[in-house]
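Take a look at the structure set out below.
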Amino acid sequence: MEHILQTASITKNFGDFRALDDVSISIEKGKIFGLLGPNGAGKTTLIRIITKIYAADSGKVFFNGKELTEDHVLKIGYLPEERGLYKKMKVGEQLIYLGRIKGMPLDHVKERLKYWFQKFDIMDWWNKKIDELSKGMQQKIQFIASVIHQPSLIILDEPFTGFDPINANIIKKEILQLKEDGATIIFSTHRMESVEELCDNIALINKSKKILDGAKQQIKEDHKENIFEIEHRGDLNGLNGFVHVLNTKTIHDDLYQTTLQSATQISHNDLLRLLIDKVEIMSFAEKLPSINDIFISRVGGIRE
Ligand code: ADP
Ligand code: MG
1 MEHILQTASI
11 TKNFGDFRAL
21 DDVSISIEKG
31 KIFGLLGPNG
41 AGKTTLIRII
51 TKIYAADSGK
61 VFFNGKELTE
71 DHVLKIGYLP
81 EERGLYKKMK
91 VGEQLIYLGR
101 IKGMPLDHVK
111 ERLKYWFQKF
121 DIMDWWNKKI
131 DELSKGMQQK
141 IQFIASVIHQ
151 PSLIILDEPF
161 TGFDPINANI
171 IKKEILQLKE
181 DGATIIFSTH
191 RMESVEELCD
201 NIALINKSKK
211 ILDGAKQQIK
221 EDHKENIFEI
231 EHRGDLNGLN
241 GFVHVLNTKT
251 IHDDLYQTTL
261 QSATQISHND
271 LLRLLIDKVE
281 IMSFAEKLPS
291 INDIFISRVG
301 GIRE
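Okay, so the sequence shown: first residue is 1 according to my numbering, each after it adds one.
See the structure below:
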C-alpha cells in the first residue's frame, strides 16, 4: 500500500491548550480520506500543519516518504476553512492570478478554467466581482482555485459547509471524478452525510486525539452488532434464544419486514438455516452500522 502523506505523532499546543495530541494518520494514494470529528476536535489544526501554516510542537509530516517541504505544499490543492477571495477582483482575473502564482503558464491556466467553467456552467460569472456572488457561488470559485493546477493531493477543509444540497452534490460528484482521474483527496467534516458515499478511509479525531482510523468498510465490520433485516412471508415465531426480533412491520398481507439481532456472531448461512424452517425468505441482509452511528457512539453526538 502506497502512502502519499503521513503524519507521525503530531502534537500542537496553543498556550496551555493541547489542540493535537500524538496524531498519526496515513493517507493512501488514490483514495478519498475523511478526517472526521466534532467541532473543535483539531481537524483544521492538523490540516494547517500539513499545509505548513502552523508548525507542530513535535512530530513530523511526510510527503511521498520524504519530510514535507514548502515545495510539496505548493503542489497540494488546498481549500481552506476560512474562505477568502479578493472581494473587489473579478472572478476570471482572480482565478488566472491564483493559477499563475502556482507556477502555471497562462495558456494552461486558461485551458483549465475553461474546463471548470463549462463543467459548472458558469461562463457568465467571468466578469463578475467576487462580492457580487453569493456565498455558495464564491465557494465554487474557491473550489476551482484549489484544483486548478491538477494537484495529486487535494485537501478540502469542510468543503460542503456553506453549500445548499444541490451544490453539495455537485461538489461530491467532482470529488469522485478527481479520484477517478488519479488524485488523492483528504477532506474534513463534522457532518457524516457525505462520508458514506465518498470515503475509502477515515480517521476520527475527538478532543485532540485520534480515536479511530482505518478503511471505512472495515470499521463498519468492526462495529457491527449482528443485526439483520429480512423480508419474509409467514409469522416468525419460536426462534432460538440467541436470535431475537428487534422489530417487525407488516408490508402487505402476509409479507413482513423484520429486524433481528443475534446475541453472538452467526454466519449468514447458519442464520438462514434457522429462518427457512419457519418462514419463506424474500430478502436477507446484514445491517452494518452507518458511520454516523459509529460517530455518535464513539463521540457522543454532534456538538454544533
Ligand atoms: P476543528 O477543525 O476540528 O473544528 P480546530 O482545529 O479548528 O478544530 O480547533 C481545535 C481547537 O484548537 C479548538 O479548541 C480551537 O479553539 C483551538 N485553536 C485552533 N486554532 C487556534 C489558534 N490559532 N489559537 C488558539 N487556539 C486555537
Ligand atoms: Mg475546522
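Heads up, the beta-carbon is just placed ideally off N, CA and C, and yes, glycines get one too.
Check                                                                                                         : Outcome
Selection from V23, I276 and G77 that minimises the alpha carbon distance to A183                             : G77
Pick from Q138, E225, S134 and G103 that is closest to E286, judged by C-alpha positions                      : E225
Secondary structure, alpha helix (DSSP H): runs of 4+ residues fully inside the segment 16-63                 : 43-50
Residues whose Cβ lies closer than 5 Å to any heavy atom of ligand 1, in chain order                          : F14, A19, N39, G40, A41, G42, K43, T44 and T45
Rounded straight-line distance, which links the Cα of E132 to that of E304                                    : Residue confidence is low: E304 scores 48 on pLDDT, short of 50, so the model does not pin down where it sits. Its coordinate-derived value is still stated next. Those two C-alpha atoms are separated by around 29 Å.
For I154, the residue or residues it bridges with in DSSP                                                     : G77 and I185
Cβ pair I251, Q257 closer than 8 Å                                                                            : yes
Secondary structure of K88, DSSP reduced to three states                                                      : coil
Per DSSP, the bridge partner or partners of S283                                                              : E231
Cα-Cα separation, E196 to I171                                                                                : 15 Å
At least 3 beta-carbon pairs within less than 8 Å: the segment 15-27 vs the segment 200-217                   : yes
Selected residue, minimal CA-CA separation from E2, among F14, D57 and E28                                    : E28
Per DSSP, cross-strand counterpart(s) of S262                                                                 : V243
Enclosing alpha helix (DSSP H) for L288 [first to last residue]                                               : That residue, L288, is in no alpha helix (DSSP H); it is neither H nor E in DSSP.
Contact test: E82 Cβ vs ligand 2 heavy atom, cutoff 7 Å                                                       : no
Same chain, Cβ closer than 6 Å to G92, neighbours up to 5 away in sequence not counted                        : W126
Exposed unless 16 or more other CB atoms sit within 10 angstroms - verdict on P165                            : exposed
Candidates V73, V61, L288 and T44, of which the one nearest T51 by Cα                                         : V73
beta-carbon N13 near ligand 4 non-hydrogen atom, thresh 7 Å                                                   : No copy of ligand 4 occurs in the structure displayed; its ligands are ligand 1 and ligand 2 alone.
Beta-carbon spacing of I4, L46 below 8 Å                                                                      : no
Other residues of its chain near K179: CB distance less than 8 Å, five sequence neighbours each side excluded : G30, K31, I32 and I185
Selected residue, minimal CA-CA separation from I219, among N201, L236, F117 and I227                         : N201
Residues sharing a beta bridge with Q6, DSSP                                                                  : S26 and F62
Inter-stretch contact (C-beta, 8 Å, three-pair minimum) for the segment 130-146 and the segment 51-67         : no
DSSP-derived helix/strand/coil call for G136                                                                  : helix
Own chain partners of N167 with C-beta closer than 6 Å, once the 5 adjacent residues on each side are dropped : G136
Cα-Cα separation, S283 to A215                                                                                : 27 Å
Proximity test, D121 beta-carbon vs ligand 2 heavy atom, cut-off 7 Å                                          : no
Pairwise C-alpha distance: I294 and G42                                                                       : 19 Å
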